[in-house]
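What follows is a set of notes on a single structure, which appears directly below.
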Amino acid sequence: MFCLRSLLLSIPLALLASLAQAQEDIRKPQIFEENLVTVKATVSAIDHDTRMVTLTGEDGEEVDFLAGEEIRNLDQVEVGDTVTAQFYQSVAVEVRKPEGSMRVEGTAGGGRAEAGEKPRANYMEEITVVAVVQSIDRDNQSVVLKGIGESGIGLETVHVANPANLENVEVGDQVVITYLEALAISVEEGS
């Protein structure tokens, strides 16, 4: 009799556990967008003494600029060389159950050519913001987020373009927004 009672009690507990697991498995929205732009130009004129450089884009448009002292190895650049610039941006948004506190974090870094190499440089910056959903207005497709901004803790109303992204979002959820941008510039010998 004791075994039967234990078995009967364990069935509802197992059902409750599976129901709780199913609730946890409900997917919170995640969004990821990225963009990469590549621009190439040819060095059409260069004055190493004044550091003035003229670049001609693939569309034939010319741009003159003064190459600052931070551009190492300018003497390696010659007319006909190709300058390639790549600009990358991405944004990731994840809604999740609360983990930790609201915050803003950032990292940045970069590098440039070693002495004697053709000029090149890269720079990357990443910013992550963790905010909390204060309220949800499904009729107007918007949420109010509480987060840390330039003037301390504040509220920001955000329009949600796709109403499906509001499914499974609850007041108190955290929204993690990660923005990344990177720039890489290189000079290659012309053909």
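The working numbering applies: residue 45 is where the sequence shown begins, and numbers increase by one. Yeah, the Cβ is synthetic: ideal placement off N, Cα and C, and Gly gets one too. The structure presented is a predicted model; accordingly, all values stated were derived computationally and were not measured.
Take L110 as the anchor and find which of H203, A89 and S179 has the nearest alpha-carbon.
Here residue 110 refers to the residue found at position 66 of the sequence shown. Closest in alpha carbon position to L110, among H203, A89 and S179, is A89.
Please state whether DSSP places Q120 in a helix, a strand or coil.
Along the sequence shown, one-based indexing puts residue 120 at 76. The answer is helix: DSSP assigns Q120 an H, G or I state.
If the criterion is Cβ atoms closer than 8 angstroms, does the pair V107 and L118 meet it?
Start at 1 with the first residue of the sequence shown, and residue 107 comes out as number 63. Start at 1 with the first residue of the sequence shown, and residue 118 comes out as number 74. Contact check for V107 against L118 fails: the beta carbons are separated by 8 angstroms or more.
Compute the Euclidean distance between the alpha carbons of A152 and L224, then round it to the nearest angstrom.
Translated into positions along the sequence shown, residue 152 becomes position 108. Translated into positions along the sequence shown, residue 224 becomes position 180. Computed Cα separation, rounded: 10 angstroms.
Pull up the CB-CB distance for I75 and V137, whole angstroms please, since I reckon it's below 8 angstroms.
Residue mapping note: residue 75 aligns to position 31 of the sequence shown, counting from 1. Residue mapping note: residue 137 aligns to position 93 of the sequence shown, counting from 1. Rounded, the Cβ-Cβ distance is 4 angstroms, consistent with contact.
With a 10 Å radius around its C-beta and 16 neighbouring C-beta atoms as the bar for buried, classify Q67 as buried or exposed.
Here residue 67 corresponds to residue number 23 of the sequence shown, with the count starting at 1. Note that Q67 has pLDDT 48, beneath the 50 cutoff, so the model's placement of it is unreliable and the number below is only indicative. Residue environment: Q67 is assigned as exposed (fewer than 16 neighbouring CB atoms within 10 Å of its CB, all protein chains considered).
Let me know the secondary structure DSSP gives N79 once reduced to three states.
As a position in the sequence shown, residue 79 is number 35, starting the count at 1. Assignment of N79 by DSSP, reduced to helix, strand and coil, places it in the strand class.
From the DSSP output, which residues share a beta bridge with G196?
Translated into positions along the sequence shown, residue 196 becomes position 152. Listed as beta-bridge partners of G196 by DSSP are G193.
Would you report the Cα separation of V192 and A175, rounded to the nearest angstrom?
Taking the first residue of the sequence shown as 1, we reach residue 192 at position 148. Taking the first residue of the sequence shown as 1, we reach residue 175 at position 131. The sequence shown places Ile at residue 192, rather than the Val named in the question. Taking the straight line joining both Cα atoms gives about 7 angstroms.
Per DSSP, which residues does T151 bridge with? Please list them.
What you label residue 151 is simply residue 107 of the sequence shown in a count that begins at 1. Paired residues: E170.
Inter-stretch contact at 8 angstroms, needing at least 3 Cβ pairs: the stretch 153-172 / the stretch 119-129:
Verdict: yes, contact present.
With DSSP as the reference, label A136 as helix, strand or coil.
Your numbering for residue 136 matches position 92 in the sequence shown. Strand.
In chain order, what residues of the same chain lie with their CB nearer than 8 angstroms to the CB of G234, ignoring the 5 residues before and after it?
Counting from 1 along the sequence shown, the entry for residue 234 is found at position 190. Result list for G234: T86, V87, E122, V123, G124, D125 and T126, in chain order.
Relative to the C-alpha of E169, which candidate in Y132, A157 and Q185 has its C-alpha closest?
Working through the sequence shown from its first residue, we reach residue 169 at position 125. Comparing alpha-carbon positions, the option among Y132, A157 and Q185 lying closest to E169 turns out to be Y132.
Other residues of its chain near N209: CB distance less than 6 angstroms, five sequence neighbours each side excluded:
The sequence position of residue 209 within the sequence shown is 165, counting from 1. Cβ neighbours of N209 beyond the five flanking positions: P73.
Quick one: grab the DSSP three-state call for A89.
Stepping through the sequence shown from its first residue, residue 89 is reached at position 45. The answer is strand: DSSP assigns A89 an E or B state.
If we count the other Cβ atoms within 10 Å of its Cβ and call it buried at 16 or more, is L80 buried or exposed?
On the sequence shown, residue 80 is found 36 positions in, with the first residue counted as 1. The residue in question, L80, is exposed, as its Cβ has fewer than 16 Cβ neighbours within 10 Å.
Host beta strand (DSSP E) of D108 (start-end):
Within the sequence shown, the letter at position 64 stands for residue 108. Secondary structure note for D108: its beta strand (DSSP E) is the uninterrupted segment E106 to L110.
Is it buried or exposed for L189, if we count other Cβ within 10 angstroms and need 16 for buried?
Numbered from 1 along the sequence shown, position 145 holds the residue referred to as residue 189. Answer is buried; the Cβ neighbour count reaches 16.
Nearer than 7 angstroms: is that true of the beta carbon of E122 relative to any heavy atom of the ligand NAP?
You won't find the ligand NAP in this model; it holds no ligand whatsoever.
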